[in-house]
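A short worksheet on the structure shown next.
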Amino acid sequence: MFNNKNILITGGTGSFGKKYTEIILKNYSPNKIIIYSRDELKQYEMAQVFNDKCMRYFIGDVRDKSRLKKAMEGVDYVIHSAALKHVPVAEYNPMECIKTNINGAQNVIECAIENEVEKVIALSTDKAAAPINLYGATKLASDKLFIAANNLVGKRKTRFSVVRYGNVIGSRGSVVPFFVKLIKEGRKKLPITHKDMTRFLITLEQGVNFVLKNFERMQGGEIFVPKIPSMKMVDLAKSLCPECELEEIGIRPGEKLHEVMITKDDRCIEFEDYFVIKPTIQFNTPVDYTVNKLGEKGIEKEIGFEYASNINDWWLKKDEFLELSKEFIK
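The opening position of the sequence shown corresponds to residue 1 in the UniProt record's numbering, with each subsequent residue numbered one higher.
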């Protein structure tokens, strides 16, 4: 599907963009992979690793529509991963978060339509489901913009969908590298916000592969949610350092005890290894989301179904977690 195609990744120097580039170059022969991001140092460093002839590095901000439109010329597929994601930073700098996560999302949509991009997938977060912090609220707004964009395309071929998943093991600023750092420093206590806290966990490679597959599945208007395991943060910490004491420090402002990716009020369809949250609006052309573009069939979930980390039926065991985390705990 990606052979001879032009692909643009906003925020492409982040953890997702680098892993996506690695997997695409390994398995496909794209015409261009365009990395669109603001940081010249990160682009320089990434270019030392990924310097294939198909690679292009564009300095630009999703807030800058004219630059983004230029970068998107001739592009077939867009992955929108650029965002301000740090919860406390967003709380202290709300308008900056809004400018990037909401206004930037609208710029991506308008540039994709104007350039007649074929497919766009925006990356979301569990924090967008019933948000309690500004970051989550901006991502919910972004999700709504991308879904509603399918009504703006008219006769154009452009289609928009969203992928939502939980914590990525080993991503920058996440708990695994943080705990590993403390352990290597010789700390004998690890901070736990709450003894009952649970999280969904997914590897970066699993997240990238899920996005890639959904380019084949998407009809436009879906929010794709993978079925992934949960783990208690107490068990995660003890897996990394069995001899360490755990110090409960309290839940931080804007943080949830458990993650929710599908709320009780969402209308969703269950497939074998993922869910689809249906749009809350009617499109100009009705879509049957119980059958995707690959012919996979799903079943409508009953009203009141919730997909949350504490009531998940799939729990990660210690040895499974350590296997998934091995590259970060060397």
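Ideal Cβ positions, reconstructed from N, Cα and C, are used throughout, including at glycine.
Check	Outcome
Less than 7 Å between C-beta atoms, sequence neighbours within five positions excluded: which residues of the same chain meet that for Asn101?	Ala83, Leu84, Thr138, Lys139, Ser142
Taking the beta strand (DSSP E) that Thr203 falls in, what are its first and last residues?	198-203
Do Glu216 and Lys123 come within 8 Å of each other at the CB atom, strictly closer than that value?	In the sequence on display, residue 123 carries Leu and not Lys. Not a contact, by the Cβ cut-off of 8 Å.
Whole angstroms is fine: what's the gap from Phe271's alpha carbon to Arg187's?	44 Å
Once DSSP output is grouped into helix, strand and coil, what is the label at Pro177?	helix
Could you pull the DSSP bridge partners for Ser37 from this structure?	Ile59
Once DSSP output is grouped into helix, strand and coil, what is the label at Ala308?	strand
Between Phe283, Met218, Glu296, Leu236, which lies nearest to Phe321 when the distance is taken from Cα to Cα?	Leu236
Can you grab the Cα-Cα spacing for the pair Leu190 / Ile251, in whole Å?	15 Å
Would you call Phe49 buried or exposed, if buried means 16 or more other Cβ atoms sit within 10 Å of its Cβ?	It is worth fixing the name first, because residue 49 is Val in this sequence and not Phe. When all chains shown are included, Val49 counts as exposed.
Measuring straight from C-alpha to C-alpha, what distance separates Gly154 and Glu91?	37 Å
Taking the beta carbon of His86 as the centre, do at least 16 other beta carbons fall within 10 Å, making it buried, or is it exposed?	exposed
Can you check DSSP and say which residues form a bridge with Lys297?	Val291
Can you round the beta-carbon distance between Met261 and Phe210 to whole angstroms, since I take them to be within the 8 Å contact cut?	Contact flag wrong, Cβ pair sits at about 13 Å.
Beta carbon of Glu302, beta carbon of Ile269: below 8 Å?	no
Which residue marks the beginning of the beta strand (DSSP E) containing residue 331, and which one marks its end?	This structure does not reach residue 331, given that the chain is present from 1 up to 330, and the question cannot be answered.
Decide yes or no for the touch test of the segment 31-41 against the segment 110-121: beta carbon pairs closer than 8 Å, at least 3 of them.	no
Helix, strand or coil: how does DSSP classify Lys31 here?	Correcting the residue type first, residue 31 is Asn in the shown sequence and not Lys. In the structure shown, Asn31 sits in coil (DSSP, three-state: anything other than H, G, I, E or B).
Let me know if Ile24 comes out buried or exposed under the rule of 16 or more other beta-carbons within 10 Å of its beta-carbon.	buried
From which residue to which residue does the alpha helix (DSSP H) around Lys144 run?	134-148
Using 8 Å as the Cβ pair cut-off and three pairs as the minimum, do the segment 274-287 and the segment 309-329 touch?	no
Rounded to the nearest angstrom, how far is the Cβ of Glu185 from that of Arg156, given a contact under 8 Å?	Actually they do not touch by this definition, with Cβ atoms about 54 Å apart.
Look at the alpha carbon of Lys26 and the alpha carbon of Asp52, and state the distance between them as a whole number of angstroms.	11 Å
Out of Lys256, Asn312, Glu296, point me to the one whose CA is closest to Pro229's CA.	Asn312
Expressed to the nearest angstrom, what Euclidean distance is found between the alpha-carbon atoms of residue 331 and Leu212?	No information on residue 331 is available, as it lies outside the stretch 1 to 330 that the chain covers here.
What are the boundary residues of the alpha helix (DSSP H) that includes Lys318?	318-324
Go through its chain and collect everything with a Cβ distance to Asn133's Cβ below 6 Å, but skip five positions before and after it.	Val87, Gly254
Return the Cβ separation of Asp288 and Ile277 in integer angstroms, given the expectation that the two are a contact with Cβ distance under 8 Å.	Incorrect: roughly 15 Å between the Cβ atoms, too far for contact.
Is the Cβ-Cβ distance between Arg159 and Lys119 less than 8 Å?	yes
Going along the chain, which residues of its own chain have a beta-carbon closer than 6 Å to the beta-carbon of Thr198, five neighbours each way excluded?	Ser230, Lys232, His258, Ser309, Asn310
Starting from Met231, trace the beta strand (DSSP E) both ways and give me its first and last residue.	230-232
Can you check which of these residues, Leu152, Val162, Asn150, is closest to Ala129 by C-alpha distance?	Val162
Determine whether the beta carbon atoms of Asp76 and Ile34 lie at a separation below 8 Å.	no
Suppose the cutoff is 8 Å on Cβ atoms and the five residues either side in sequence are ignored; what does the same chain contact list for Glu247 look like?	Lys189, Leu190, Pro191, Ile192
Is Ser81 helix, strand or coil by DSSP?	coil
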